[in-house]
Structures are given as C-alpha cells and as structure tokens.
Amino acid sequence: SLNSELQKLNQLWHDEYRSINEEIEKINTAQSSLHIEISYKENKQAFQAFLSGMVKGSGLYARDITRLASDFQDGIEMLKDEKKLQALLPGNKFFNFKKVFDENLGEFLTYKVPNKFEIMYRKRPLKEHSLGQRASALILFILAQKENDLIIIDQPEDDLHNQTIYNDVIKEIIGLKSQIQFIFATHNPNIPLKWSGKTGPIFRLT
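Okay, structure coming up:
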C-alpha cells in the first residue's frame, strides 16, 4: 500500500515537472537570447541541506551527507534501496542514519527534491552577467510568456545601459506592442527615441 501511494506521489511530481517544462519550451522558442533548462529533482544542494538538518547529531560527516545527496534521487529511493544505503554508510553510520530515517519516515518520503533550473542569457549562465543584463533577461522572460495585457517598467535607464541589451529588448517590444500596452516611467529623454519602430514610437511623452 505504501509503495502504491509513493508511486502516485512520484507521478504527481513528474506531472508537475512536465507542465513546467512545457512552459519553459514556450519561452525558449519565443526568442533566441534567453534559454532555460530544467532538470528533474537535480537540486542537490537543497537535498543536501535537508539531509543535514534531519541527521544533525547522528554522527554523519558532511562528506557522508554529500555522498547520499549525490547517489540518491530522494528519500523514496533510499527506502527502496537499503543495500546501496548500507554500502555508502559502513558500520554504525548506517544504523544511526536508519534510526533517524525510520523515526522521521513521513518527512523523508514526502520531501520533494527541487528541480534544478539553469538560465542562460546569450549562451552564458545568467549569474555571470551584470545586473543590467539580468534585468534584460527578466524583461525577455516576461515578454516571452505573452500572457500580459499591460507591462509597466520603472526607469529602465537605471540598468539597461548597454546598447546591445537595448537592441535585445527593443526587438521583442516592437514585435509585441500591437498586442500589449507598455508603460515606462523614465527620466531619460533618449529612451523614447531609441525604443521606437517603423510603425511608430513605443512611448508617449507627458
């Protein structure tokens, strides 16, 4: 009965992953500068932090916890493969961990290891970009979803200072301005001149 319920739970988690992945694919195909990848239950840092909190005081070292998080997908897999668990934790370490595991079975089995997201902007990880480039990627993310009737951006000149970045965002805005109303609050008079297309300006100055 437990195995049956765990299978249902895993299926729900996987269905959620597939739904998220479908939305990500829409964003990836809507433009070429921003690319998002998702890996199922691959946030090992989060899993490691969870395990550390659960086994605190059990005699396991950090390297033991790192090994567990690396070799197991989640607590459900630990329950199903006790031989592998014992091989990774020789001697008393296995019995100490098993005691904690059994005493907190519900928490171990229902903890969902988060999916891992990798956001690439212009073929480089987003974390390697400047604040302005990250802001541009965020705008592209919002625009790619095409689910907004109105988008308000406050003072884009604070971050979007690079001409290359301007061109990235401008291209998308010009293509969508007939479908979405854009409102920008800006102190820079050059922005309405830069952000204009063949069909007319994006901005109205007041």
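Counting along the sequence shown from 1, when you hit position 74 you're at 819 in the working numbering, and nothing is skipped either side.
Positions of the beta carbon are idealized from the N, C-alpha and C atoms, including for glycine.
All values reported here derive from a predicted model rather than from experimental measurement.
C-beta contact flag for residue i and residue j at 7 Å
i, j, result
"S749", "D913", "no"
"D899", "A880", "no"
"F842", "L834", "yes"
"K861", "S784", "yes"
"I821", "L751", "yes"
"I918", "I897", "no"
"Q926", "L883", "no"
"V845", "S803", "yes"
"K789", "A807", "no"
Extent of the continuous alpha helix (DSSP H) to which residue i belongs
i, result
"Y762", "L747 to A775"
"E873", "From DSSP, E873 is part of no alpha helix (DSSP H); its letter is neither H nor E."
"D847", "N837 to E848"
Spatial neighbours of residue i in its chain, beta-carbon cut-off 6 Å, leaving aside the 5 residues before and after
i, result
"L754", "none"
Same chain, Cβ closer than 8 Å to residue i, neighbours up to 5 away in sequence not counted
i, result
"D819", "K786, F792, Y856, K857 and V858"
"G772", "Before going further, note that residue 772 is Ile rather than Gly in the sequence given. Closer than 8 Å at Cβ, skipping near neighbours: L779, I781, F886, A889 and Q890."
Contacts around residue i, its chain only, beta-carbon distance under 7 Å, and the 5 residues preceding and following it disregarded
i, result
"D904", "L876, G877 and A880"
"L830", "M823 and F839"
N-terminal and C-terminal residue of the beta strand (DSSP E) that residue i is part of
i, result
"K868", "Taken as a continuous stretch (DSSP letters only), K868 belongs to no beta strand (DSSP E), as it is neither H nor E."
"F817", "First-last for F817: undefined, no H or E at that position."
Candidates the options, of which the one nearest residue i by Cα
i, options, result
"L747", "K922, K825, M865 and D894", "K825"
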